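Comments concern the structure below.
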Amino acid sequence: GRPLSGRLYGGDDRRLLLTLANQGAVAIRNALAVEQLRNWNRDLEAKVEARTQELRRTQAQLVHREKMASVGQFVAGIAHELNNPLNFIQGNLYHLREYVGTLTKAIEEYDALVRSGGEAERSAAEIDALRERLELELILGDLTDVFEGCREGLDRSTRLVKDLRTFSRLDQPDLSLVDLNDAIESTINLLRSKLIGIRVEKDYGDVPPVECIGGQLNQVFMNLIANAADALEEREGGTIRVSTRRAGEDHVRIEVADDGPGIDPELVSKIFDPFFTTKEVGKGTGLGLSISYAIVQRHGGTLEVENRPDGGCCFAMEIRIASADE
Ligand SMILES: Nc1ncnc2c1ncn2[C@@H]1O[C@H](COP(=O)(O)OP(=O)(O)O)[C@@H](O)[C@H]1O
Ligand SMILES: [Mg+2]
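Counting along the sequence shown from 1, when you hit position 104 you're at 119 in the numbering used here, and nothing is skipped either side.
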């Protein structure tokens, strides 16, 4: 048709048309490119998502592996701790059975003597002989000790079980109010076999119960104290000092310090990295501190380390008294 102006199409029109066509083509190409970009983007997002999932899985596995490694060490310690009092009870029960046997026999013989009648002097002499023969004095004197031994063995086993319960907090997997001094005390008791020959100074302050996942915080205490014990392993008479105190309105500060060799200043920035360890293979996993760091962070807290001027190092954590996610 004719243009609206009524004029015939001229060279200008052709040029205009050409330009429009070109621009149309560019627009179409752009649209295609955008579409392709979108697709790529979608692919990329899917890949990132898959990779993130994979990382999360790996991380969970690592956390689990560290747990199993410390559980292994730990179980050995507990077996040792439990073995002592149980041996105690077993040994005492053996004596108890012997004694009860003898006492039963004594009663039977007394009985026979009484029934046989006879002169009073004869009976008294026979009774004396009987007491002598069956070592009744000895047995009666020993019985109290035997019972005491059993009781102490049972007490120790009961205390160990209580510490284990406090430590694992299996009954409280979620946030709950925890007495940190109690928790630390239990952890130290459970690490006893690892702490032989090390002085442990406890400076428990008057701190309010903290809202936290008890089992997780115990894992942190365990890592810090076990690391301190490892650091002191080669030293005679090292000291670990554990303290708790209130820090400001909202926080509690817990410090675990030792007088071991401290940390090489060049390595300080690395010790919280997963897998960083200076311990020999099979001894260290290098995960304790990185996991501890994550746990403390999850509780709205901080975990720091510093070498002490007089040797050794001090790990200090501060956590919120009220849960962070409120
Ligand atoms: N109290 C400490 N004294 C000296 N070095 C320490 C102490 N605590 C931690 N470290 C250093 O930090 C490293 C990482 O600790 P951690 O993450 O618990 O892993 P692991 O104990 O398995 O080596 C240790 O290998 C050690 O070199
Ligand atoms: Mg460790």
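Glycine is no exception: its CB is placed at the ideal position from the N, C-alpha and C atoms. Predicted model only: the values in this text are computed from it and were never measured.
Which residues does DSSP list as the beta-bridge partners of residue i?
{"i": "L318", "result": "M332"}
{"i": "E216", "result": "R256"}
{"i": "A262", "result": "H266"}
Within its chain, find whatever has a CB closer than 7 Å to the CB of residue i; leave out the 5 residues flanking it on each side and keep chain order.
{"i": "D27", "result": "none"}
{"i": "N196", "result": "Y219, V222, T259"}
{"i": "F182", "result": "S201, T202, L205, N233"}
{"i": "E341", "result": "Caution is warranted here: a pLDDT of 46 is assigned to E341, below 50, making its placement in the model unreliable, and the coordinate value is therefore given only provisionally. Contacts found: none."}
{"i": "V311", "result": "V235, T317, L318, M332, I334"}
{"i": "H95", "result": "S208"}
{"i": "E141", "result": "L128"}
Give a single yes or no on whether residue i has its beta carbon closer than 7 Å to a heavy atom of ligand 2.
{"i": "N233", "result": "no"}
{"i": "A241", "result": "yes"}
{"i": "G263", "result": "no"}
{"i": "G327", "result": "no"}
{"i": "G299", "result": "yes"}
{"i": "G275", "result": "no"}
If you reduce the DSSP assignment to three classes, tell me which class residue i lands in.
{"i": "I269", "result": "strand"}
{"i": "T292", "result": "coil"}
{"i": "D183", "result": "Checking the sequence shown, residue 183 turns out to be Ser, not Asp. If DSSP states are grouped into helix, strand and coil, S183 belongs with the helices."}
{"i": "I278", "result": "coil"}
{"i": "E200", "result": "helix"}
{"i": "E226", "result": "strand"}
{"i": "S208", "result": "helix"}
{"i": "L190", "result": "coil"}
{"i": "G326", "result": "coil"}
{"i": "L232", "result": "helix"}
{"i": "A337", "result": "coil"}
{"i": "L302", "result": "coil"}
{"i": "D28", "result": "helix"}
{"i": "G133", "result": "coil"}
{"i": "I43", "result": "helix"}
{"i": "E342", "result": "Shown here, the chain extends from 16 to 341; a query on residue 342 therefore has no answer."}
{"i": "I310", "result": "helix"}
{"i": "I286", "result": "coil"}
{"i": "L149", "result": "coil"}
{"i": "G156", "result": "helix"}
{"i": "L70", "result": "helix"}
{"i": "L128", "result": "helix"}
{"i": "D221", "result": "coil"}
{"i": "G87", "result": "helix"}
{"i": "L23", "result": "coil"}
{"i": "G92", "result": "helix"}
{"i": "G297", "result": "coil"}
Looking only at its chain, what residues have a beta carbon closer than 6 Å to the beta carbon of residue i, apart from the 5 residues adjacent to it on each side?
{"i": "R268", "result": "R260, A262, E333"}
{"i": "S258", "result": "D218, E270"}
{"i": "R137", "result": "none"}
{"i": "T292", "result": "G299, G301"}
Go through its chain and collect everything with a Cβ distance to residue i's Cβ below 8 Å, but skip five positions before and after it.
{"i": "P280", "result": "N322"}
{"i": "V161", "result": "N107, H110, L111, Y114"}
{"i": "I278", "result": "I286, V320, N322, C328"}
{"i": "L192", "result": "P224, V225, E226"}
{"i": "I154", "result": "Y114, T117, L118"}
{"i": "K177", "result": "S201"}
Compute the minimum distance between the beta carbon of residue i and the heavy atoms of ligand 1, and state whether it is under 7 Å.
{"i": "F162", "result": "no"}
{"i": "G87", "result": "no"}
{"i": "D221", "result": "no"}
{"i": "K294", "result": "yes"}
{"i": "F291", "result": "yes"}
{"i": "A302", "result": "Checking the sequence, you will find Leu at residue 302 rather than Ala. Checking the Cβ of L302 against ligand 1 gives yes."}
{"i": "D157", "result": "no"}
{"i": "N383", "result": "There is simply no residue 383 to check, as the chain begins at 16 and stops at 341 in what is shown."}
{"i": "I203", "result": "no"}
{"i": "A331", "result": "no"}
{"i": "S305", "result": "yes"}
{"i": "A246", "result": "yes"}
{"i": "I278", "result": "yes"}
{"i": "I286", "result": "yes"}
Within 8 Å of any Cβ in chain C, is that where the Cβ of residue i sits?
{"i": "G164", "result": "Considering every chain present, this structure includes no chain C. It has just one protein chain."}
Considering only heavy atoms of ligand 3, does any lie closer than 7 Å to the CB of residue i?
{"i": "R148", "result": "This structure lacks ligand 3; the ligands present are ligand 1 and ligand 2."}
ask   = Any contact of the region 190-210 with the region 231-250, i.e. 3+ C-beta pairs under 8 Å?
value = yes
key: Contact the region 121-129 vs the region 141-152: 3+ CB pairs below 8 Å   = Inter-segment contact for the region 121-129 and the region 141-152 is present: three or more beta-carbon pairs are separated by less than 8 Å.
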